[in-house]
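There are 2 protein chains.
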Amino acid sequence: MQPEAFNTSKEILSYKDKIIPMLKNLLETEMKEYIQLVSLKKNDFLVREGEVCHYYYFVLEGILRNYYIKDGTEITTNFDFPNDIAANFTSLVLQQKSIGYIQAMTACKIYRMKASDFDEIKAQNPFMQQIKEILVSGYVILLEERLYSLQFCTAAERYHFMLERYPHFLQQIPLTYIASYLGISLETLSRIRAK
Amino acid sequence: MQPEAFNTSKEILSYKDKIIPMLKNLLETEMKEYIQLVSLKKNDFLVREGEVCHYYYFVLEGILRNYYIKDGTEITTNFDFPNDIAANFTSLVLQQKSIGYIQAMTACKIYRMKASDFDEIKAQNPFMQQIKEILVSGYVILLEERLYSLQFCTAAERYHFMLERYPHFLQQIPLTYIASYLGISLETLSRIRAK
DNA sequence: GGGCACATTTGATATATGTCAAATAAAAGA
DNA sequence: TCTTTTATTTGACATATATCAAATGTGCCC
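The structure is reproduced here in structure tokens:
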């Protein structure tokens with residue numbers, strides 16, 4: 013848990029592999045009171061529409077799906093795998109009601125930490141500060157990537173990009189959700205896959 | 013320049029109005045050596061493709077356009093108005109070559125601050141830390157907003173959303189760029205506008 | 001193993017949006 | 001002012017993708 017563990021500018025993309033071990037270290041210290049282990053059964057919700065999100069969630073095991081409902085249809089915005097951070101950023105940061113859901117697609121084990129506790133620890137521990145920056149930077153890069161992909165790429169391009177970048181999605185997520193995540197219909201996705 | 017100036021969780025959306033005055037305060041201190049004023053003529057570039065972006069840019073006057081080139085076509089990703097922060101985030105954070113351009117659409121006056129200097133000041137000044145979080149959080153919220161809009165909304169919905177959220181865009185930006193920003197063709201935009 | 005829910009594919013058609021071309025309109029220069 | 005350039009609109013048509021419907025496939029439970 014030394015400050016040297018990260019090189020902020022270069023290792024952001026691999027940050028995920030380091031957060032969970034770091035949290036496990038925290039559990040050995042007096043800060044363990046800030047971290048709780050949450051277990052979810054399949055289909056349980058971590059965050060519901062209308063709730064304010066107060067926690068960062070660090071996924072240990074399982075897969076979660078982020079989605080919201082527009083005109084009666086579920087629209088998938090993200091998937092969280094082990095070592096990912098699951099949170100409704102806008103709700104967390106602005107302390108406003110979440111417009112979406114985070115739901116367990118499988119049984120999950122998750123560490124959670126209250127955002128206010130995180131900030132408190134951060135004030136005393138510059139390393140935690142660095143962690144937060146890395147988390148947020150990683151998220152920004154992910155968002156930019158997805159944004160550009162949606163703005164400029166055809167459905168087929170987006171699918172192939174996803175295949176390359178997140179090959180594990182295809183193995184563990186039903187195509188309905190993947191289609192929604194890519195912003196296309198299930199049928200179009202199926203046709204793209206048939207080439 | 014007191015830490016109390018912001019309430020992190022609530023005032024993020026209005027952060028822009030406060031950054032520039034804060035920088036002007038910094039100019040009164042020994043930290044002024046870290047801040048430079050940059051003047052651009054219309055069509056000058058702030059960042060070019062292939063360059064690594066080392067600075068945060070705080071726009072005082074003028075309008076800039078962020079775009080990149082795909083298959084020979086310019087694709088507009090963002091516009092920067094006074095009080096906005098112009099930067100190629102991915103390039104800045106990962107210290108990798110920018111895939112896009114930031115170009116002045118009008119004459120501009122801009123404060124710039126090296127990212128490394130910013131981090132140095134930040135280490136000694138918790139208020140700067142807070143500023144950075146607010147900057148980044150504001151950017152994340154903007155990205156999420158744009159992402160959801162692109163993933164789920166029709167061209168017409170996106171246009172009307174932009175009208176509501178950024179009415180100044182229409183007054184000062186040619187429709188070609190707005191169309192590109194919305195991810196639609198100029199002709200489709202024109203038809204949407206004709207209702 | 002047979003039946004049932006759910007996931008995926010395939011087909012026919014509808015719709016939104018893109019593309020190309022041309023007509024106007026507005027702005028900029030001389 | 002007149003002329004040239006640039007911006008925007010309009011029209012005809014092409015294309016990508018959505019939608020609805022049905023067929024097929026797959027895993028699961030009794």
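Read top to bottom, the protein sequences are chains A and B. Residue numbers for the first sequence follow this note's numbering, beginning at 13 and rising by one. Residue numbers for the second sequence follow this note's numbering, beginning at 13 and rising by one. Where is the CB? At the ideal position from N, CA and C, for every residue including glycine. What you are looking at is a predicted structure, and each value in this text was computed from that prediction instead of being measured.
C-beta contact flag for residue i and residue j at 8 Å
| i | j | result |
| --- | --- | --- |
| B/L201 | B/Y171 | yes |
| A/N95 | A/I32 | yes |
| A/I185 | A/F91 | yes |
| B/I111 | B/Y80 | yes |
| B/L72 | B/I114 | no |
| A/M174 | A/L194 | yes |
| A/S103 | A/V64 | yes |
| B/I190 | B/A168 | no |
| A/A116 | A/L35 | no |
| A/A119 | A/K207 | no |
| B/L162 | A/Q48 | no |
| B/S192 | B/E42 | no |
Exposure label - residue i; buried when at least 16 CB within 10 Å
| i | result |
| --- | --- |
| B/A135 | exposed |
| B/N37 | exposed |
| B/K144 | buried |
| B/L39 | exposed |
| B/Q141 | buried |
| A/G150 | buried |
Residue closest to residue i, alpha-carbon to alpha-carbon, out of the options
| i | options | result |
| --- | --- | --- |
| B/I133 | B/L39, B/Y46, B/D29, B/E40 | B/Y46 |
| A/A99 | A/L198, A/R60, A/Y178, A/N55 | A/R60 |
| B/S197 | B/D29, B/L35, B/F70, B/T88 | B/T88 |
| A/D29 | A/I97, A/G74, A/M43 | A/I97 |
| A/S128 | A/E86, A/E176, A/L106, A/S149 | A/L106 |
| A/K44 | A/F130, A/G74, A/G84, A/H66 | A/F130 |
| B/K109 | B/E176, B/R177, B/Y178, B/H66 | B/H66 |
| A/I75 | A/L182, A/A206, A/E199, A/V148 | A/L182 |
| B/I146 | A/F101, A/E42, A/S192 | A/F101 |
| B/D83 | A/C165, A/P138, A/E199 | A/C165 |
Rounded distance between the beta-carbons of residue j and residue i, thought under 8 Å
| i | j | result |
| --- | --- | --- |
| A/I155 | B/E157 | It is worth fixing the name first, because residue 155 of chain A is Leu in this sequence and not Ile. With 8 Å as the limit, A/L155 and B/E157 do not qualify as a contact, their Cβ atoms being about 10 Å apart. |
| B/H180 | B/F93 | 7 Å |
| A/I178 | A/M125 | One point to set straight first is that residue 178 of chain A is Tyr, not Ile, in the sequence displayed. So it is not a contact: roughly 25 Å between Cβ atoms. |
Cβ of residue i within 8 Å of any chain B Cβ
| i | result |
| --- | --- |
| A/Q141 | yes |
| A/K82 | yes |
| A/L38 | no |
| A/I190 | no |
| A/S110 | no |
| A/R158 | yes |
C-beta neighbour in chain A for residue i, strict 8 Å
| i | result |
| --- | --- |
| B/S197 | no |
| B/I185 | no |
| B/L155 | yes |
| B/I31 | no |
| B/L76 | no |
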